[in-house]
Amino acid sequence: MWSLAFRNIFRHRFRAGATLLAMVVGVVCLISAGGFVNDIFYKLREGTIRSELGHIQVFAEGYLTHGRVAPYQYMIPDDDPIGSRLAALAHVKYVIARLKFSALLSNGVADLPVIGEGVEPEKENQVFEGLQVLAGERLASAQPYGVMLGEGVARALDVTVGDTVMLLVTTPEGAMNTLDLDVVGVFRTLSKEYDARAVRVVLSSAKDLLLVNSVHSYTVFLSDTRFTDAVVAQIRRMTGDGTYEVRSWEQLAGFYQKVVAMYDRQFGALVFVVLLMVVLAIVNSINISVRERMPEFGTLLVLGFKARQLVYMIFAESLLLGAVGAGIGVVFGGLVAVLASWHGIEMPAPPNMNEGYMAEIRLNTWILTSSALVAWLASVLAAVWPAMRMRQVQPTELLKGCY
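Structural data, given as structure tokens:
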């Protein structure tokens, strides 16, 4: 039966070719749509991690709940060994201490409320690829009195690289303290809201300004994002005494979750439409092919073929066509993905972000497998109705073309 089905495919080259074309185009469309959506989520995820959050953040217990009201009561002392313990874990690439503070930034004429961060420049420069330097350069420990301003902050105060600004803070004891800093750079991240309020200074200078010997958090960067959940579980086991709070980037990235939810709805509808078109095209092509071969099926029945054998033959042809079409579709889909990614797909800026980006078609095993499986199943299911119908039609009706 399989041999006969195989020969039938080559004997009806035009019909088989039309069905294969529908399958190949369908698989390519599914792969392209799936890879496009996958790339959007990948870039948004990695951009969020590498411009602000890191993979994991560790805070003193109570900071996330009460830190906005009393940030200096929930800090991690410099002599706490948690930083070195985190760095020793598997898959951990960098552990970066951060000190956050609220301040007034002045250019001598106007003041602007800002959110400041004391950072470790050399480590941050290695991993924060999402932080784009628009002017000047990045922070360096060799320039302890340098400051980087978010794009919105620099615009609001009309300052640029080389200007001197003053930070005014309230220390944990309630005293006022100031520090004159030289603007060494202006940066942009994925978030307009963050850039409109953020300033970054060297961690040692932030400690001197606030008169503290502690930090608010440790940001952990991993060798790969896929290890996040496993490392979070490790850290929670290691710090199970309730001294620390551990959060993954997903738990901290509220904006990311909202954008993903919005895109899920939009692109989910797109993928559904593409899927429906693919299935209908394949079903239509197979049904037309079967209807055109009614006299042939009638002849086979007259020559002694049983209706059951005819049904098996139709299913066998559909199985073979589906497998071949899915395989060819995956190959062409991969080629389309490579070419599109090489050229790039220009995209506008997502909501609340500063600029557009070049999208790609980013494939994975699930996208390739599911696209091929959809085409193969569609070809098999498309044969169900005509095959079952064959069992109920008389050979004379088939010979006359009545179906």
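If you want the numbering used here, it's the 1-based position in the sequence shown plus 89.
All C-beta atoms in this analysis are idealised placements derived from N, C-alpha and C, irrespective of residue type, glycine included.
Between which residues of its own chain and residue i is the CB-CB distance below 8 Å, once the five residues before and five after are set aside?
i	result
Thr317	His144, Ile145, Leu311, Ser337, Trp338 and Glu339
Ala122	Phe356, Leu359, Val360 and Val363
Leu341	Leu142 and Gln146
Asp167	Asn302, Ser303 and Val304
Arg174	Met327
Met436	Ile129, Gly445, Tyr446, Met447 and Ala448
Gly433	Met447, Ala448 and Glu449
Trp431	none
Asp252	Asn196, Asp271 and Val272
Pro425	It is worth fixing the name first, because residue 425 is Val in this sequence and not Pro. Only Val117, Ile120, Ser121 and Ile450 meet the Cβ criterion.
Leu466	Gly411
Could you say which of the options lies nearest to residue i if we only look at CA atoms?
i	options	result
Leu298	Thr314, Met265 and Ile324	Met265
Arg315	Pro166, Pro384, Glu385 and Tyr131	Tyr131
Phe125	Arg325, Asn453 and Ala319	Asn453
Gly136	Arg380, Val348, Gly418 and Ala472	Val348
Ala245	Ala350, Ala287 and Arg104	Ala287
Val158	Glu435, Ile171, Tyr352 and Phe190	Phe190
Ala429	Val117, Trp474 and Ile417	Val117
Leu201	Asp247, Met436 and Gly156	Asp247
Ala285	Trp455, Gly205 and Gly423	Gly205
Val43	Val258, Ala243 and Val272	No information on residue 43 is available, as it lies outside the stretch 90 to 492 that the chain covers here.
Ile171	Ile324, Ala295 and Ala350	Ile324
Ala405	Val198, Leu470 and Met351	Leu470
Ala295	Gly416, Leu457 and Pro261	Pro261
Pro233	Asp252, Val290, Leu279 and Leu399	Val290
Ile455	Val425, Val419, Val473 and Met477	The sequence given here has Trp at residue 455, not Ile. Ranking the options by Cα distance to Trp455, first place goes to Val419.
Leu279	Gly225, Arg134 and Gly115	Arg134
Asn373	Gly329, Lys395, Val473 and Gly235	Val473
Gly263	Asp169, Gln346 and Tyr161	Tyr161
Considering only residues of the same chain and omitting the five flanking positions on each side of residue i, which have a CB-CB separation below 6 Å?
i	result
Met255	Ser195, Thr267 and Asp269
Asn214	Arg227
Thr332	Glu150
Met152	First, the residue type needs correcting, since residue 152 is Tyr and not Met in the sequence shown. Excluding positions up to five away in sequence, the list reads Tyr163.
Ile417	Val113
Ile403	Ala472 and Ala476
Leu300	Thr260
Using a Cβ-Cβ cut-off of 7 Å (strictly less than) and excluding sequence neighbours within five positions of residue i, which residues of its own chain qualify?
i	result
Ser468	Met112, Ile371, Ile375, Ser407, Leu410, Gly411 and Gly414
Leu119	Val363, Leu364, Val367, Ser460 and Val463
Glu209	Ile185, Ala186 and Leu292
Ser306	Gln146, Val147, Phe148 and Arg187
Arg451	Gly124, Asn127, Asp128 and Tyr131
Leu223	Glu240, Val275, Phe276 and Arg277
Tyr183	Lys212, Gln215, Val216 and Phe310
Arg139	Val216, Phe217, Glu218 and Gly219
Ile106	According to the sequence as given, residue 106 is Gly; it is not Ile. Once the five neighbours on either side are set aside, Gly106 has no close Cβ partner at all.
Leu257	Ala192, Leu193, Ser195, Met265 and Thr267
Val321	Ile145, Val335 and Ser337
Tyr283	Glu141 and Gly239
Thr259	Met265
On the CB-based measure, 16 or more other CB atoms within 10 Å of its CB, does residue i come out buried or exposed?
i	result
Leu220	buried
Ala464	buried
Arg354	exposed
Glu449	buried
Leu389	buried
Thr308	buried
Ile377	exposed
Glu334	buried
Phe103	exposed
Thr108	buried
Ser230	exposed
Arg397	exposed
Ala199	exposed
Met164	buried
Met351	exposed
Pro475	buried
Leu457	buried
Val203	buried
Met477	exposed
Gly207	buried
Ala243	buried
Gly494	Past the boundaries of the shown model lies residue 494; the chain is included only from 90 to 492, so the question cannot be answered.
Gly422	buried
Any chance the CB of residue i is under 7 Å from a heavy atom of the ligand FAD?
i	result
Tyr183	The ligand content of the structure shown is nil, which means the ligand FAD is not present either.
Any beta-carbon of chain B closer than 8 Å to the one on residue i?
i	result
Leu228	Reference to chain B is not applicable here, since this structure consists of a single protein chain.
When you compare the segment 169-182 with the segment 234-247, are there three or more beta-carbon pairs, one atom per stretch, that lie closer than 8 Å? no
Length at least 3, wholly inside the segment 211-293: the beta strand (DSSP E) runs in chain order: 221-225, 235-239, 253-259, 265-277 and 287-291
Going residue by residue through the segment 303-390, where are the continuous beta strand (DSSP E) segments of at least 3 residues, counting only ones entirely within it? 306-311 and 333-337
Residue ranges of each beta strand (DSSP E) run of no fewer than 3 residues wholly in the segment 108-185, ordered along the chain? 145-149
Where are the alpha helix (DSSP H) runs, 4 residues long or more, that stay fully inside the segment 391-453, in chain order? 396-432
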